[in-house]
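So the structure is just underneath, and the comments pick up after that.
2 protein chains.
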Amino acid sequence: MHSTIRDVARRLHLSITTVSRALDNYDDVAESTRKLVVATAREMAYVPNRAARQLRRRRTDTIGYILPADSAGFADPFFSEFIAGLSDEASVCHFDLLVSAVPPDSKAEKELYKRWVQAGKVDGIIVNRSRLSDWRLRFLAEQGVAHVSMERSLSRLSFAGVEVDSFSGMIELIEHLAERGFKRIAYMGGLPILKIDHDRFCGYQAGLESAGIVCDPKWVVHSDMTSEGGYHAAETLLALAVPPTAIVCINDVTAIGAMHAAREHGLMVGRDIGITGFDGIADAAHASPPLTTLDQPIYSIARQLANMLLNMVSGKAVEKTKIKIRPKLLIRASTGG
Amino acid sequence: MHSTIRDVARRLHLSITTVSRALDNYDDVAESTRKLVVATAREMAYVPNRAARQLRRRRTDTIGYILPADSAGFADPFFSEFIAGLSDEASVCHFDLLVSAVPPDSKAEKELYKRWVQAGKVDGIIVNRSRLSDWRLRFLAEQGVAHVSMERSLSRLSFAGVEVDSFSGMIELIEHLAERGFKRIAYMGGLPILKIDHDRFCGYQAGLESAGIVCDPKWVVHSDMTSEGGYHAAETLLALAVPPTAIVCINDVTAIGAMHAAREHGLMVGRDIGITGFDGIADAAHASPPLTTLDQPIYSIARQLANMLLNMVSGKAVEKTKIKIRPKLLIRASTGG
DNA sequence: TTGTAGGCGTTATCAA
DNA sequence: TTGATAACGCCTACAA
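Printed below as a string of structure tokens:
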């Protein structure tokens, strides 16, 4: 925090005003002074103080993202990629990204959102892992804070964001499994309050139905969406009297855990049992066997979300406020290739 | 951004000053007024404006972390876990975490660090993936900005941070491989300018030496530390006239890619070839076969780093400024169990 | 084309 | 124990 705008002004025997406007490319500044100011500012390594600018402009040039982090052990490449996308897009517009992690639907989460909003710390917020009934979206709408979300919640609020068509994807996936001859198909979800869990489960059911397969409630289990959780949930499934011959997992890391459990049970994944994921993280392609999955372009989705949000907070017209993406079925060896 | 401190003051017919100090628990405020102020503030949902507070206090209550993101496709669970740790620790102290992603050692990186520092956007910065000669650490020291780093660089600057003893870890690992009968041991590193690459490579060499194995330069390759990169680098190794019978990888995701390549070459990992990682990410335990690795407690390291930094910026005495951690060798099936 | 002055919401100094 | 008042660094009507 070195030179201030006063320093630059003093050095040039100009007023603060002129310096300020020269740097902001106002057109009522003589070209010669403008050049001089810009050169001097650069030479003096002048950078406008963030806090002062924020206070005055009443905006922060910062967008926020709160990680729905369940636990200490949480580590899904999904989030690395998502954050990288948000941050990259923000950088382009000279915005910053504020990040925090907090257990979903907890008291701490509520407090954090409140603090960020009421202290004016961010101009807008990106929400993901939307819940069926999501107080976050309601809260942000009420407070008039710009926000976009990945997956819409069921409430009728106007929605801006990106939605991946999990439902159709799952139907396609189940069809694929049925074609490969897998009939006893289990579903391994996450928290049932999650929109993605709901959508994927519905797609799973619809898929079964159209394949003429009945859905055994015993074959529906839930995990915490970590590989550890997937491992344990799979153990439960495989210990059943009549275990499933395929497991459809809510995401890739869960599936990686499930494959591990299957191997430990002496099953050859892809032949004795089919296992699928959702996300298309890099590691899924290198898993053993490579994982059949519904690929969603996480990085690109994150960039699009950030872009929409940035347009909103900059008052620019947002061309598209709802983007729907169809996940792509990547067939790999974990379902027989 | 609703009620300000003035609103609260007006409502109570008190001065702004008194309200401010009541809320900050100064002891020269009557207990009765303090209670009244606190209650009213809460009722009015008053939250101090961040920008104003920052401007006045000359601190931001924010720490920063710049992800060394190589590319769009980058997605290492290491970073999710690292960020979660930083963020959790920051939350405890009511600090925020500012995150950005930028290619390492690029012009953009330099500009970003400058901007953050000179605009006074953060009180301190966490650095990881230190380079052997790291301008970031020099720059931060010069500018007098508080910072901690994971892995110290070779320069003699005073260092505060956490260091994982990669060198000793690798020696132990090589010893393990040699015991298991693997003799033709390859090393798959990352960028050679990275401190961790240097340390791990040196440990590898030392390990080979003490096991009486000569190091064939052909068996030393580098990747970009992604699973994709690991996959390709392994293909190069396996295409050699005399391919190695073990591959020591710089991190887990690389190793996961390498295992994939090995399987494609018809090799049974753990029997025909030994493969090892470094990190101890959750997925490593669920890889096929489960990956032998040097486990470092990423989440806990991140918390410790953040904690040290927070103490530094709060002016608290830092008990321990250098923490050395010995990674733990987890022997799994990828080296024969 | 440039300068003056007021204020964004807080906190800190000093006097009452 | 409380209250004026002056910054913090910047932006922007408005005046010159």
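Chains as they are written, first to last, in my numbering: chain A, 1 to 337; chain B, 1001 to 1337. Idealized CB from N, CA, C, for every residue including glycine. For clarity, every value in this text was computed on a predicted model and none was experimentally measured.
If contacts are defined as beta-carbon pairs under 8 Å, then residue i and residue j qualify, I think. What distance do you get, rounded to the angstrom?
i, j, result
"R1138 of chain B", "P1068 of chain B", "That belief does not hold up - the Cβ atoms of R1138 of chain B and P1068 of chain B are roughly 17 Å apart, past 8 Å."
"I256 of chain A", "G189 of chain A", "Between G189 of chain A and I256 of chain A the Cβ distance is about 16 Å, and since that is not below 8 Å, they are no contact."
"A1045 of chain B", "S1003 of chain B", "7 Å"
"T335 of chain A", "G270 of chain A", "6 Å"
"D1283 of chain B", "D283 of chain A", "6 Å"
"V253 of chain A", "G274 of chain A", "That pair is no contact at about 18 Å."
"I298 of chain A", "G85 of chain A", "7 Å"
"A234 of chain A", "A258 of chain A", "4 Å"
Kindly list the residues whose CB is nearer than 6 Å to the CB of residue i, restricted to its own chain and excluding five residues on each side of it in sequence; keep chain order.
i, result
"D383 of chain A", "Outside the modelled stretch of chain A, which goes from 1 to 337, sits residue 383 of chain A, for which no answer is possible."
"K1328 of chain B", "D1295"
"L14 of chain A", "none"
"A186 of chain A", "W219, L237, P244 and I247"
"D1000 of chain B", "In the structure displayed, chain B extends from 1001 to 1337; residue 1000 of chain B sits before or after that span and is not available."
"E1031 of chain B", "none"
"N307 of chain A", "E89"
"E109 of chain A", "V102"
"I301 of chain A", "V162"
"R1059 of chain B", "D1123"
May I have the straight-line CA-CA distance separating residue i from residue j, to the nearest angstrom?
i, j, result
"G1078 of chain B", "I1196 of chain B", "The residue asked about is misnamed: residue 1078 of chain B is Phe in this sequence, not Gly. So the alpha carbons of these two residues sit roughly 14 Å apart."
"N1148 of chain B", "H232 of chain A", "For the sequence presented, residue 1148 of chain B should be read as Val rather than Asn. Their Cα atoms are separated by approximately 38 Å."
"E151 of chain A", "S158 of chain A", "12 Å"
"S80 of chain A", "S1087 of chain B", "14 Å"
"L97 of chain A", "G1064 of chain B", "10 Å"
"D1279 of chain B", "R1326 of chain B", "12 Å"
"D199 of chain A", "S166 of chain A", "6 Å"
"D1076 of chain B", "A285 of chain A", "14 Å"
"G1277 of chain B", "H1176 of chain B", "13 Å"
"A1009 of chain B", "V1019 of chain B", "6 Å"
"M1339 of chain B", "L1132 of chain B", "Absent from the structure is residue 1339 of chain B, since the part of chain B shown begins at 1001 and ends at 1337."
"A262 of chain A", "T1226 of chain B", "26 Å"
"A101 of chain A", "I1083 of chain B", "8 Å"
"R11 of chain A", "I281 of chain A", "54 Å"
"I193 of chain A", "A1119 of chain B", "42 Å"
"S168 of chain A", "E1043 of chain B", "47 Å"
"P1048 of chain B", "E1228 of chain B", "47 Å"
"A1241 of chain B", "K1107 of chain B", "40 Å"
"R1053 of chain B", "D27 of chain A", "33 Å"
"I1174 of chain B", "V127 of chain A", "45 Å"
Grab me the residues of residue i's own chain with a C-beta within less than 7 Å of its C-beta, minus the 5 sequence neighbours each way, in chain order.
i, result
"K1183 of chain B", "I1213 and T1245"
"C93 of chain A", "L310"
"A22 of chain A", "V29, T33, R34, V37 and V38"
"V145 of chain A", "V117, G124 and I125"
"V1099 of chain B", "Y1065, L1067 and I1083"
"H260 of chain A", "Y231"
What in chain A is Cβ-close to residue i, meaning under 9 Å?
i, result
"H1002 of chain B", "Q118 and Q143"
Using a cut-off of 8 Å between C-beta atoms, extract the partners of residue i located in chain A.
i, result
"D1076 of chain B", "P77 and S80"
"I1247 of chain B", "Within chain A, no residue comes near I1247 of chain B; the closest Cβ sits about 14 Å away, beyond 8 Å."
"I1331 of chain B", "None at all; the shortest Cβ gap to chain A is about 17 Å."
"R1115 of chain B", "V47"
Short of 8 Å in beta carbon distance, which residues of its chain neighbour residue i, apart from the five on each side in sequence? Order them along the chain.
i, result
"I1171 of chain B", "G1203, A1206, G1207 and S1210"
"E163 of chain A", "M150, E151, R152, K322, I323, K324 and I325"
"I1331 of chain B", "H1176, T1292 and G1337"
"K1320 of chain B", "M1308"
"V1221 of chain B", "A1186, Y1187, M1188, G1189, A1233, T1236 and L1237"
"S314 of chain A", "C93"
Which chain A residues are close to residue i, counting only those with a beta carbon under 7 Å from its beta carbon?
i, result
"K1320 of chain B", "Ordered by position in chain A, no residue passes the 7 Å Cβ test against K1320 of chain B, which lies about 21 Å from the chain."
"L1055 of chain B", "A51, A52 and L55"
"A1084 of chain B", "L67, A69, F74 and A101"
"I1256 of chain B", "D283 and H286"
"T1226 of chain B", "A282"
Using a C-beta to C-beta distance shorter than 7 Å, which residues of chain B count as neighbours of residue i?
i, result
"I235 of chain A", "Residue identity differs from the one stated: residue 235 of chain A is Glu in this sequence, not Ile. Per Cβ cutoff of 7 Å: no residues; E235 of chain A is ~12 Å from chain B at best."
"Y231 of chain A", "H1286"
Going along chain B, which residues have a C-beta under 8 Å from residue i?
i, result
"L97 of chain A", "L1098, V1099 and S1100"
"K121 of chain A", "R1050 and D1096"
"M259 of chain A", "H1286 and S1288"
Since residue i meets chain B, which of its residues come closer than 9 Å, beta carbon to beta carbon?
i, result
"V253 of chain A", "P1077, A1282, D1283 and H1286"
"A302 of chain A", "Within chain B, no residue comes near A302 of chain A; the closest Cβ sits about 10 Å away, beyond 9 Å."
I want to check one thing, is the minimum distance from the CB of residue i to the heavy atoms of the ligand SAH below 6 Å?
i, result
"E31 of chain A", "This structure simply doesn't include the ligand SAH, nor any ligand for that matter."
- prompt: In chain order, which alpha helix (DSSP H) runs of at least 4 residues are fully inside the segment 1190-1231 of chain B?
  reply: 1195-1210
To test your reading of the DSSP string, which unbroken alpha helix (DSSP H) runs of 4 or more residues are found completely within the segment 1252-1330 of chain B? 1252-1264, 1282-1286 and 1298-1313
*Mind listing, in chain order, the continuous alpha helix (DSSP H) runs of no fewer than 4 residues lying wholly within the segment 151-179 of chain A?*
166-179
Continuous beta strand (DSSP E) assignments of at least 3 residues falling wholly in the segment 62-123 of chain A: 62-68 and 96-102
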